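Structure first, commentary second.
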Amino acid sequence: MAFDRGLEERLYELFNARHNLVVKKMFGGLCFIISEYMCCVIIGDKLMVRVGPKNYSSCLTKPHVTEMDFTGKPVKGLVYILPEGFESDADLEYWIGVCVNFVDSLPPKPPKRSKSAKKVIKGKVK
0 MAFDRGLEER LYELFNARHN LVVKKMFGGL CFIISEYMCC VIIGDKLMVR VGPKNYSSCL
60 TKPHVTEMDF TGKPVKGLVY ILPEGFESDA DLEYWIGVCV NFVDSLPPKP PKRSKSAKKV
120 IKGKVK
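According to numbering that gives the first Met the number 0, the sequence shown is numbered sequentially starting from 0.
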């Protein structure tokens, strides 16, 4: 798994005040997760950001932004930012602000059931 380590350090600096940040290796890169929601991912030298469906079209009009087509089909709400699009600290802060604002607008995720918990349907344990 190869991804831009310099970008990783820059993202850690931007997220350093977030107490609800989790970083995991995903999608062949490094995923930054806030409040259990994917926020952004470093994939190679690109940054995949979660901008949400409402911001999607306007984000695609910006320079150095392309559709996120990891699966071969564009995913509405996610875009790739090419390295030229986050070269400056101000540009990187802008994109992280867009994805953090979107993720912060999402409702809290319900608590996960433990794998050992049994599902009860009409008095029967499944």
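Backbone N, C-alpha and C fix where the C-beta goes; we use that ideal spot for every residue, glycine too. Model, not experiment: these values are computed from the prediction.
Ignore the nearest five residues each way along the sequence and tell me which others in K72's own chain have a CB closer than 7 Å to its CB. none
Give the range of the beta strand (DSSP E) segment to which R49 is assigned. 45 to 49
Applying the 10 Å Cβ sphere with the 16-neighbour rule, what's the burial state of D88? exposed
On the three-state DSSP scale, how would you describe G96? helix
Helix or strand or just coil, what does DSSP make of K53? helix
Using beta-carbon positions only, say whether V48 and V97 come within less than 8 Å of one another. yes
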